[in-house]
């Protein structure tokens, strides 16, 4: 099962039998509006705080995935997930409603693939028959914690990104129909000494390239094996840096083969500066848009590399640099699985 130093091969091919994706009003105006299960017309979701609204996003995404799989929530054996808020409270509080045994994760915006990798490991080793994994974020809750409350109206530089209001989850099983999780490469913490919290894409790009290079090397694959290699939320700045690093490291990834979730979710003209971010970014794009395209036959194999900046408000105030990480998961549907 272990290949190389940090890559798992899932010989049992855990199956994503259903997904659930929920978004906010800004996401409803974006490019992927047909790929969400549910949208909300305001950021409050009939709650009295943004953090409570954040919790509801995840609750609803889980409910959608369970309903689409024709299961009852009592059949879910584990939930693996997290978010960006202090002590991942929106996820933990959502799990009061879900009631499943819970493994809380914090990988910042890499949490979606951290959860999918660990969930596939559990299913592959017969540790579970049904489990949910996912990630979520809420624009105003995250802005309030990491930057300034939106009411403050603080100006941002062009390198900044827009936090997605959304939740995306996958329901994994040891059998059934759907895309299969075939391998995962766990990331290392990479710190290039950057300190600017408004340039997350630039900080995270080296971690993404490091994990992609390790995945291809340890699986002995040419990048052409994948129809699409997609990073989590590097945005325009981080994607450009990654393309430069691919060339520098001699990794033959074609520009048209490599996309970023942070550049896929919003339309041109939406004021998102360098693109989208947030733990819910890759979760909603992958579990909605990309898996839908796989089911339509547009992709057979994709490599999803979710990236995360592991800073906190406290570490920033103490003038620490920004450590980053990226986790890669390969998803295959149709054709010969490897």
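Numbering (our numbering), first residue to last: 188 to 525.
For each residue, glycine too, the CB sits at the ideal point set by N, CA and C.
Treat the numbers as computed from the prediction; the structure is a model and nothing was measured.
Terminal residues of the continuous beta strand (DSSP E) containing residue i?
i, result
"residue 474", "Where residue 474 is concerned, there is no enclosing beta strand (DSSP E), given that its DSSP letter is neither H nor E."
"residue 266", "265–269"
"residue 290", "289–291"
"residue 360", "353–360"
"residue 516", "511–519"
"residue 369", "367–372"
"residue 194", "194–196"
"residue 416", "415–418"
Drop a sphere of 10 angstroms on the beta-carbon of residue i, count the other beta-carbons inside from all chains shown, and report buried for 16 or more, exposed for fewer.
i, result
"residue 198", "exposed"
"residue 481", "buried"
"residue 411", "exposed"
"residue 456", "exposed"
"residue 313", "exposed"
"residue 310", "buried"
"residue 451", "buried"
"residue 351", "buried"
"residue 485", "exposed"
"residue 372", "buried"
"residue 398", "buried"
"residue 406", "buried"
"residue 369", "buried"
"residue 409", "exposed"
"residue 286", "exposed"
"residue 344", "exposed"
"residue 236", "exposed"
"residue 270", "buried"
"residue 382", "exposed"
"residue 348", "buried"
"residue 442", "exposed"
"residue 219", "buried"
"residue 233", "exposed"
"residue 376", "exposed"
"residue 189", "exposed"
"residue 426", "buried"
"residue 302", "buried"
"residue 341", "exposed"
So, under 8 Å CB-CB, residue i and residue j are touching, yes? Tell me the CB distance rounded to an integer number of Å.
i, j, result
"residue 466", "residue 296", "5 Å"
"residue 378", "residue 282", "31 Å between Cβ atoms; not a contact."
"residue 420", "residue 448", "6 Å"
"residue 194", "residue 402", "6 Å"
"residue 428", "residue 392", "4 Å"
"residue 359", "residue 307", "6 Å"
"residue 461", "residue 423", "5 Å"
"residue 248", "residue 202", "Not really, about 19 Å apart at Cβ, beyond 8 Å."
"residue 494", "residue 418", "6 Å"
Could you compute how far the alpha carbon of residue i sits from the alpha carbon of residue j?
i, j, result
"residue 433", "residue 304", "24 Å"
"residue 504", "residue 380", "15 Å"
"residue 243", "residue 207", "13 Å"
"residue 483", "residue 267", "28 Å"
"residue 280", "residue 274", "11 Å"
"residue 506", "residue 361", "46 Å"
"residue 229", "residue 192", "46 Å"
"residue 205", "residue 479", "11 Å"
"residue 315", "residue 261", "13 Å"
"residue 272", "residue 328", "8 Å"
"residue 530", "residue 212", "Because the chain in this structure spans residues 188 to 525, residue 530 falls outside the shown range and cannot be described."
"residue 254", "residue 364", "15 Å"
"residue 490", "residue 513", "12 Å"
"residue 366", "residue 431", "31 Å"
"residue 140", "residue 278", "Look at the range of the chain in this structure, 188 to 525, and you will see that residue 140 is not part of it."
"residue 446", "residue 492", "10 Å"
"residue 517", "residue 263", "23 Å"
"residue 500", "residue 521", "44 Å"
"residue 440", "residue 519", "19 Å"
"residue 416", "residue 276", "31 Å"
"residue 400", "residue 444", "15 Å"
I need the boundaries of the alpha helix (DSSP H) containing residue i, first residue and last residue.
i, result
"residue 249", "237–255"
"residue 402", "387–405"
"residue 526", "Residue 526 lies beyond the range of the chain shown here (188 to 525); nothing can be said about it."
"residue 450", "Taken as a continuous stretch (DSSP letters only), residue 450 belongs to no alpha helix (DSSP H), as it is neither H nor E."
"residue 303", "298–311"
"residue 499", "Taken as a continuous stretch (DSSP letters only), residue 499 belongs to no alpha helix (DSSP H), as it is neither H nor E."
"residue 428", "422–436"
"residue 209", "Taken as a continuous stretch (DSSP letters only), residue 209 belongs to no alpha helix (DSSP H), being part of the beta strand (DSSP E) at 202–210."
"residue 329", "326–333"
Closer than 7 Å to a non-hydrogen atom of the ligand ADP - does that hold for the CB of residue i?
i, result
"residue 352", "Although the ligand ADP was asked about, the structure shown includes no ligands whatsoever."
_Contact between the stretch 317–324 and the stretch 297–306 is defined here as three or more beta-carbon pairs at a separation below 8 Å; is this criterion met?_
yes
*Evaluate contact between the stretch 467–479 and the stretch 219–237, counting only Cβ atoms and requiring at least three cross-stretch pairs below 8 Å.*
yes
*Taking 8 Å as the threshold, find out whether the stretch 349–368 comes into contact with the stretch 387–394 through three or more Cβ pairs.*
no
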